[in-house]
Amino acid sequence: MSAGSNGDGYREARSVPRAPSPAAPRPRPHRSTSNDYAALAVAAGDTEEDIDQAEEEAEDASGPASGPLWPLLPVLVAQAALSWRLIHSNTAFLDEGTYLYSGHQELANLIYGDKVATYETFFSGSPKLYPVLAAVADRLGGLAGARTLSLVFMLLATAALYLAARRIHGATAAFFATALFAALGPTQFLGGYSTYDAMALAALAWAGYFAVRFACGTGHGAMVAGSLLVSLAVWTKYASLLWVPIVVLIAALAGPGRSVLGRSRWNNGVRFAAGVAVAVLLPIPLAGKLYIHGFTQTTLLRNPGHDAPSYVAGEAAKWVGALLVVALVGVFASYLRGRRRGSGGTDFWLAAVLLLGGVLAPANQIRIHTWLSLQKHVDFGAWFACVVAGALLAWIAEWLHSTVRLPVLIAVALVTVLVAGPLGVEGERQATHMFGAWPDSSKLVAALKPYIHSGTDQYLAEDYDVPAYYLRRSSTWPQWHDLVGGGQYQDPKTGVKYTGTEGIEQGITAHKYAVIVLDYAQTRSIDEQVRPFIDKAGYRKLTTIRTSNSATSGSYTIWVAPEGP
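Written as structure tokens, this is what we have:
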């Protein structure tokens, strides 16, 4: 397929001059409009020329997409294979253990009314959404089942990318966009990683697709669907708010019409923004103050880190730098093509907005001086940038076909091998490395299992969510304590209350904890501070478990309380 063609047809209409109609012009009040876009253009008072083109283009855009869907299939198969190999490659990471463990608690709360921790106060997304779905998947298929759920979400995000890019630039560009997206290391990683990122990205991706449909005049149903999906993305992961303006701008810029300043175009954007605002804000009264506190602490007023901007930028460049360079060239190409075709700059501004979506995550994390979760956040922006990059590669393939006289399939295959191929090889290496960034916890869980029992025993473990997740059938969440937030202990004789590190030390001295696990990693200074109290209190060292893989190494040391009073 030619890169200039579009499954919806409206882009091609821009390059074909309209012949003057021999019939007398119809009065404007009785103008026949093919869809909501052209009708809104009339109401908004756009120029006759812009309305004529909007009407002509919208007639094609409002119909079913004619570009083929089959090019998406090999991309989905390759993406699934690249992520599937990761699903069984390592035990649960801390974040995975946290969300799955909390999800089982939330599920029990919904079904049986069991008490649950106030996760909404420190989760950066609603604990009632992804964690519950993941817990259901975990019940059905264990950790692999929960990770497979993430793979399904990422495949859905890729499908939405294909449909959106096809409506804007045609099926060839859509194929390249999805091939680039599937090749990225962060995409492969999220497809095997059971956290809320994949679900939020999928919801945001489909919101982007419906924004394109709404811009092309498919009616208010697309606006409603897009608004609800934006709300789902935001409540699943609060950081999704960063890309909401991009989705709204797509609803304004992706539609037909020459003028980027046309009132009808921006009326579309305003209407879509209003729908999004209602959908996102409406749940707040139902959520309550605890959710507001959690959103404020984890997202809105998040404490800045200490990473240098150059380091954050370098990490982002490692994961999506090549893609953003291709997208940047695509923006310039859109500008040149727009000038040649007289499209009034809409192609260029849409491309610029999509590229902006690609750089938002690195820019925001440079602002707050942290690379934490950057390898996941850059993939949200990559979804938008891939639309522009895919269009550029489609134009190159078209040039190879029309100028170099290569057959279409050979031109497409050549561009895929030369661009998406190396990106996929590097992405595979990156995803493998990311999945090896935490130690295998199977030996730790096996060593703890004989000593973990439901009841009154208390357990102190650095980052306890992973063992608590694996041993959830033989313990309850109030039995587990970590060292990050410090401890609480009240002397039964004097009634004096101790908190923080002192609370941990006093609890150890009083044998409050039946089992203690230290790994000298995240809370190394606290570990070293409480270690003398462990020895002095007579705890018995059970074992030291050493772990290592391709990316990290470490050890867990386990102590058990002395028997008797």
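The letter at position 61 of the sequence shown is residue 61 when you use UniProt numbering, and the numbering goes up by one with no holes.
Note that the Cβ used here is the ideal one computed from N, Cα and C, for glycine as well.
Remember, predicted model here, so these are calculated numbers, not experimental data.
Subject >> ASP138 to GLY485 span [Cα, whole Å] >> reply: Start at 1 with the first residue of the sequence shown, and residue 138 comes out as number 138. Start at 1 with the first residue of the sequence shown, and residue 485 comes out as number 485. CA-to-CA, the gap between ASP138 and GLY485 works out to about 28 Å.
Subject >> Top-ranked residue by Cα proximity to GLY185, from MET434, VAL412 and TRP84 >> reply: By 1-based counting over the sequence shown, the position of residue 185 is 185. With distances taken between Cα atoms, GLY185 lies closest to MET434.
**OP:** Could you tell me whether the stretch 222-229 touches the stretch 311-325, using the rule of 3 or more Cβ pairs below 8 Å?
**Re:** A contact between stretches requires three or more CB pairs, one per stretch, nearer than 8 Å, and the stretch 222-229 fails this requirement with the stretch 311-325.
Original post:
Who pairs with THR543 in a beta bridge, going by DSSP?
Top reply: The residue you call residue 543 lines up with position 543 of the sequence shown. For THR543, which the question treats as bridged, DSSP gives the partners ILE558.
Subject >> Whole-angstrom C-beta distance between GLU462 and ARG482, which should lie under 8 Å >> reply: Here residue 482 corresponds to residue number 482 of the sequence shown, with the count starting at 1. Here residue 462 corresponds to residue number 462 of the sequence shown, with the count starting at 1. Per the sequence shown, the amino acid found at residue 482 is Asp instead of Arg. So it is a contact: roughly 6 Å between Cβ atoms.
**OP:** Helix, strand or coil for GLU48, going by three-state DSSP, please let me know.
**Re:** For this step, residue 48 is matched to residue 48 along the sequence shown. Confidence at GLU48 is low in this model, with a pLDDT of 46, below 50, so its placement is unreliable and no value can be given for it.
Original post:
GLY487 bridges to which residues according to DSSP?
Top reply: Here residue 487 is taken as the residue at index 487 of the sequence shown, counted from 1. Note: GLY487 sits in a beta bridge opposite GLY500.
Original post:
Under the three-state reduction of DSSP, which class applies to ALA254: helix, strand or coil?
Top reply: Translated into positions along the sequence shown, residue 254 becomes position 254. Residue state for ALA254 is assigned as coil, using DSSP reduced to three classes.
Original post:
At which residues does the alpha helix (DSSP H) containing ALA461 begin and terminate?
Top reply: Against the sequence shown, residue 461 aligns to sequence position 461. For ALA461, no alpha helix (DSSP H) run applies; the uninterrupted beta strand (DSSP E) run containing it begins and ends at 458-461, by DSSP.
Subject >> Own chain, CB closer than 7 Å to VAL378, minus 5 neighbours either side, in chain order >> reply: As a working note, residue 378 is residue 378 in the sequence shown. Closer than 7 Å at Cβ, skipping near neighbours: PRO186, ALA316, TRP319, VAL320, ALA361 and PRO362.
Original post:
Secondary structure at LEU143, three-state DSSP: helix, strand or coil?
Top reply: Position 143 of the sequence shown holds residue 143. DSSP places LEU143 in helix when its eight states are reduced to three.
**OP:** Look at ALA200 and THR148 and say whether their C-beta atoms are less than 8 Å apart.
**Re:** In the sequence shown, residue 200 corresponds to position 200, counting from 1. In the sequence shown, residue 148 corresponds to position 148, counting from 1. Going by C-beta atoms, ALA200 is not nearer than 8 Å to THR148.
Original post:
What number of angstroms, rounded off, separates the C-alpha of THR416 from the C-alpha of VAL329?
Top reply: The residue labelled residue 416 in the question sits at position 416 within the sequence shown. The residue labelled residue 329 in the question sits at position 329 within the sequence shown. Roughly 17 Å between the two C-alpha positions.
**OP:** Measure the Cβ-Cβ separation of SER231 and LEU204 and say whether it is below 8 Å.
**Re:** Residue mapping note: residue 231 aligns to position 231 of the sequence shown, counting from 1. Residue mapping note: residue 204 aligns to position 204 of the sequence shown, counting from 1. No, these two residues do not count as a Cβ contact at 8 Å.
Subject >> Nearest candidate by alpha-carbon position, reference THR299, set LEU372, ALA81 and GLY487 >> reply: For the purposes of this step, residue 299 is identified with residue 299 of the sequence shown, where counting begins at 1. Of the residues LEU372, ALA81 and GLY487, the one whose Cα lies closest to the Cα of THR299 is LEU372.
Subject >> Option in LYS541, GLN506 and GLY507 with minimal Cα separation from LEU518 >> reply: Here residue 518 is taken as the residue at index 518 of the sequence shown, counted from 1. Proximity to LEU518 across LYS541, GLN506 and GLY507 peaks at LYS541, based on C-alpha coordinates.
**OP:** Taking only the alpha-carbon atoms, compute the straight-line gap between ALA352 and SER474 and give it to the nearest angstrom.
**Re:** For the purposes of this step, residue 352 is identified with residue 352 of the sequence shown, where counting begins at 1. For the purposes of this step, residue 474 is identified with residue 474 of the sequence shown, where counting begins at 1. C-alpha separation (whole angstroms): 54 Å.
**OP:** Measuring alpha carbon to alpha carbon, tell me which of GLN506, TYR469, THR509 and THR547 ends up nearest TYR101.
**Re:** For the purposes of this step, residue 101 is identified with residue 101 of the sequence shown, where counting begins at 1. Per the Cα distances, TYR469.
Original post:
What residues in its chain sit with their C-beta under 7 Å from that of SER548, if we drop five residues either side in the sequence?
Top reply: Translated into positions along the sequence shown, residue 548 becomes position 548. So the list is empty, once near-sequence residues are dropped.
Subject >> Under the three-state DSSP convention, the category ILE368 falls into >> reply: By one-based count along the sequence shown, residue 368 stands at place 368. The answer is coil: DSSP assigns ILE368 none of H, G, I, E or B.
Original post:
Does the stretch 67-74 touch the stretch 497-513, meaning 3 or more C-beta pairs lie closer than 8 Å?
Top reply: No: fewer than three Cβ pairs fall under 8 Å.
**OP:** Take ALA164 and list the residues in its own chain whose beta-carbon comes closer than 7 Å to its own, dropping the five residues that flank it on each side.
**Re:** The residue given as residue 164 occupies position 164 in the sequence shown. Closer than 7 Å at Cβ, skipping near neighbours: GLY208, TYR209, VAL212 and VAL387.
Original post:
Can you list, in chain order, the residues of its chain whose CB lies under 7 Å from that of TYR119, leaving out five sequence neighbours each side?
Top reply: Along the sequence shown, read from residue 1 onward, the residue named residue 119 stands at position 119. Within the same chain, TYR119 has close Cβ partners SER102 and PRO127.
Original post:
Counting contacts by CB-CB distance shorter than 8 Å, is SER373 in contact with chain C?
Top reply: Absent here is chain C; the protein component of the structure consists of one chain.
Original post:
So which of SER555, GLU528, ASP465 and ALA251 has the shortest CA-CA distance to ASN268?
Top reply: Along the sequence shown, one-based indexing puts residue 268 at 268. Among SER555, GLU528, ASP465 and ALA251, the Cα nearest to that of ASN268 belongs to ALA251.
Original post:
Hey, PHE181 and TRP395: beta-carbon distance below 8 Å or not?
Top reply: Counted from its first residue, the sequence shown places residue 181 at position 181. Counted from its first residue, the sequence shown places residue 395 at position 395. Going by C-beta atoms, PHE181 is not nearer than 8 Å to TRP395.
**OP:** Note down, in chain order, each residue of its chain lying with its Cβ closer than 8 Å to the Cβ of ASN90, except the 5 sequence neighbours on either side.
**Re:** Within the sequence shown, the letter at position 90 stands for residue 90. For ASN90, where only same-chain residues beyond five positions count, the Cβ hits under 8 Å are PHE435, GLY436, TRP438, ASP440 and ASN549.
Original post:
Given 8 Å as the limit, is there contact between the stretch 189-197 and the stretch 141-160, that is, 3 or more CB pairs closer than that?
Top reply: Touching, per the Cβ criterion.
Original post:
What is the DSSP secondary structure of ALA215, counted as helix, strand or coil?
Top reply: Locating residue 215 in the sequence shown gives position 215, counting from the first residue. Note: ALA215 maps to helix in three-state DSSP.
**OP:** Reducing DSSP to helix, strand and coil, say where residue 566 ends up.
**Re:** Because the chain spans 1 through 565 in this model, residue 566 falls outside it and cannot be assessed.
Subject >> Opening and closing residue of the beta strand (DSSP E) in which VAL515 lies >> reply: Here the question's residue 515 lines up with position 515 in the sequence shown. Its beta strand (DSSP E) spans residues 513-518.
Original post:
Helix, strand or coil: which one does DSSP assign to SER548?
Top reply: By 1-based counting over the sequence shown, the position of residue 548 is 548. The answer is strand: DSSP assigns SER548 an E or B state.
Subject >> C-alpha gap between PRO245 and LEU290, whole angstroms >> reply: Here residue 245 refers to the residue found at position 245 of the sequence shown. Here residue 290 refers to the residue found at position 290 of the sequence shown. Per the coordinates, the alpha-carbon of PRO245 lies some 26 Å from the alpha-carbon of LEU290.
**OP:** Reducing DSSP to helix, strand and coil, say where SER553 ends up.
**Re:** Within the sequence shown, numbered from 1, the residue matching residue 553 stands at position 553. The answer is strand: DSSP assigns SER553 an E or B state.
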